[in-house]
Structure formats: structure tokens, C-alpha cells
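Remarks on the structure that follows.
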Amino acid sequence: MKPLALITGANKGIGFEIARQLGKLDYHVIVGARSIERGTSAVEALKSEGIDADFVELDVTNSDSINKLPNFIRSKFGRLDVLVNNAAILLDYDGPRPSDTDMQVLRQTFETNFFGVFLVTQSLLPLLRESPAGRIVNLSSSVGSLSSILDKYSPLSQVVSPAYQASKTALNALTVLFAKELESTKIKVNSACPGPVKTDQNPKRGVLSVEEGADTAVWLATLPADGSTGGFFNSRKPVPW
Ligand SMILES: NC(=O)c1ccc[n+]([C@@H]2O[C@H](COP(=O)([O-])OP(=O)(O)OC[C@H]3O[C@@H](n4cnc5c(N)ncnc54)[C@H](OP(=O)(O)O)[C@@H]3O)[C@@H](O)[C@H]2O)c1
Numbered sequence: 001m002k003p004l005a006l007i008t009g010a011n012k013g014i015g016f017e018i019a020r021q022l023g024k025l026d027y028h029v030i031v032g033a034r035s036i037e038r039g040t041s042a043v044e045a046l047k048s049e050g051i052d053a054d055f056v057e058l059d060v061t062n063s064d065s066i067n068k069l070p071n072f073i074r075s076k077f078g079r080l081d082v083l084v085n086n087a088a089i090l091l092d093y094d095g096p097r098p099s100d101t102d103m104q105v106l107r108q109t110f111e112t113n114f115f116g117v118f119l120v121t122q123s124l125l126p127l128l129r130e131s132p133a134g135r136i137v138n139l140s141s142s143v144g145s146l147s148s149i150l151d152k153y154s155p156l157s158q159v160v161s162p163a164y165q166a167s168k169t170a171l172n173a174l175t176v177l178f179a180k181e182l183e184s185t186k187i188k189v190n191s192a193c194p195g196p197v198k199t200d201q202n203p204k205r206g207v208l209s210v211e212e213g214a215d216t217a218v219w220l221a222t223l224p225a226d227g228s229t230g231g232f233f234n235s236r237k238p239v240p241w
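Residue numbers for the sequence shown follow our numbering, beginning at 1 and rising by one.
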């Protein structure tokens, strides 16, 4: 039986490409998307490449949508091996500065990028615990790396997207906290930074292709039993928290 992977926000961008690359590695992929239309057309595109793909309607800010997930996956597939928490929003691309950041922007960003990941992960852990090789990959960003923000020689220290940055810093905390809780199990939990990828989220500074951006996440999703857990990686190399 093929291993089964759920990718959130997989209707476009890096998430779609992660689904495509995992599908090419003979994983059965479930495209999580909040729009039925966008999700099913992504599934059709994957199927046209010979990939086993299914759709699940999933808005990571909607707890009803999340609560239905475990039963849907268990009844339809009976298993889950990989969870890629990819869905995210970036509302403060060019600022404003922290002192001018709107509380609504901060809350909305955390709803998707942090609480959404937390709830989806919590709801699917029972299924992942049953997998012979459970893998959780959180799509993070080096713009949320505290070391890089504090390093005045790093170009990343110039980025001003406080709500997004704080949400990714917090997401990295989830990675290490879940990894620690699960260290005696077969589940590995890691954060992946895709680098600056040209997508709708990063239209100005993105330079990498989605193929390049998806690579580290796919590598982490397919780690062998002796692979790392509780790490933060870009280009398959550890990066500072
Ligand atoms: N691009 C970069 O340079 C870059 C750099 C570092 C990290 N990342 C991270 O990589 C991941 C993918 O980014 P991307 O560049 O591919 O972004 P993208 O093209 O904007 O795609 C984001 C995906 O997330 C989905 N999404 C947003 N809110 C959602 C919700 N509430 N429920 C379900 N799905 C939701 C979007 O769905 P809709 O189509 O319905 O909006 C879309 O499918 C994100 O976690 C991002 O923060 C990206």
C-alpha cells in the first residue's frame, strides 16, 4: 500500500508542488484546500500526471472543518503517514513596523499560521501515531528565525513583516515542542524553510522556483527512520532558530 500524505493549502504554490513531488515518489496525496473548486482542479492536474490524488475541503481556521478530518481520512483511507502543514498567509508583506502593527492582522495571521497548524496537528496525531513512519513537516520561514532577525549582517534582519515573522517563530516552537513530546515514537517533526520562492505569497523577492522551494519539505516528509527530528532546515541543511 502506498504511504498517504496530507498537504494543507495544496491547491497552488509550494503546497501543490510538494503534493506533486510526493506523488512522483509514489505517495498517495490528499490535497487540503479551502475552496472546493481550486482543490478539485489541483487534484485533476495531479491525476493528469499519473499521481494518486484526492481532495479534502479544509480551512485551517475553521474548527468544524478540522474536526471532520480524522474521521474522513480514517474512513476513506484507514491511515495517514505524512502531514505537511503548508497553508499560511502573509498579510504584512512590507510592514508596518511592530509598533504600528494592527492587532487584527496579528490575530488573523496567527489563526492560520499558528492555531491552524496546532489544531490540524493535534487532530491528526492519533492517525500518525499508528503509522510505521509518521512525518510532520511545518512550512516555516527564516524570516521568523530569531538569530537571523538579531544578526545585523543578515539580509533577513531587514525584513519587516512582524505578524508573519512572529507567527513563523511561534510555529518553530510548535515544531520543537511536538518533536520533544514524540521523541520516543516513530514520528518525526521538523520545520522547513523553502527559501524565497516566486509564488503569490512572495511576488517581489521570490527568486526560486516552486520545484526548488518544495525540495526540503519533501526530503523531510520522506526521512528514513534514523533521520532528524525537532530541526529547522533550508536546502536540506540545518538553519539557526
Ligand atoms: N514563497 C516564499 O518565498 C516562502 C518563503 C518562506 C516560507 N514560505 C511558506 O511556504 C508555505 C507555502 O507558501 P506559498 O508561497 O506557496 O504561498 P501561496 O502561494 O500564497 O499559497 C498558500 C496556500 O495556503 C492556502 N491557505 C491560506 N489560508 C488557508 C486556510 N485558512 N485554510 C486552508 N488553506 C489556506 C492558500 O489557499 P487559497 O488559494 O485558497 O488562498 C494556498 O493554497 C507557507 O507556509 C509560506 O509561509 C513561503
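Glycine is no exception: its CB is placed at the ideal position from the N, C-alpha and C atoms.
Anticipated Cβ contact below 8 angstroms, residue i with residue j, distance rounded
i    : j    : result
N138 : C193 : Incorrect: roughly 10 angstroms between the Cβ atoms, too far for contact.
L171 : F115 : No, L171 and F115 are not in contact; Cβ-Cβ is about 10 angstroms, not under 8 angstroms.
T169 : L146 : 6 angstroms
V31  : I7   : 7 angstroms
E57  : G78  : With a Cβ gap of about 20 angstroms, E57 and G78 do not count as contacting.
For residue i, the first and last residue of its enclosing alpha helix (DSSP H)
i    : result
D215 : 210-221
L58  : That residue, L58, is in no alpha helix (DSSP H); it is neither H nor E in DSSP.
I66  : 63-76
S123 : 117-129
F233 : Taken as a continuous stretch (DSSP letters only), F233 belongs to no alpha helix (DSSP H), being part of the beta strand (DSSP E) at 232-234.
L91  : No alpha helix (DSSP H) holds L91; DSSP gives it neither H nor E.
T109 : 103-110
Cβ neighbour criterion (16 or more within 10 Å) applied to residue i
i    : result
V207 : exposed
I36  : exposed
S140 : buried
Y153 : exposed
D215 : buried
R129 : exposed
K237 : exposed
E17  : buried
S209 : exposed
Boundaries of the beta strand (DSSP E) in which residue i is found, first to last residue
i    : result
V137 : 135-139
S142 : From DSSP, S142 is part of no beta strand (DSSP E); its letter is neither H nor E.
Residue-chain proximity (residue i, chain E), Cβ-Cβ < 8 angstroms
i   : result
N11 : Given the protein chain composition of this structure (a single chain), no chain E is represented.
Residues bridged to residue i (per DSSP)
i    : result
V84  : I7, V137
N190 : V137
A53  : V29
K237 : N234
Alpha helix (DSSP H) segments (min. 4 residues) lying fully within the stretch 147-186: 162-181
Secondary structure, beta strand (DSSP E): runs of 3+ residues fully inside the stretch 9-36: 28-33
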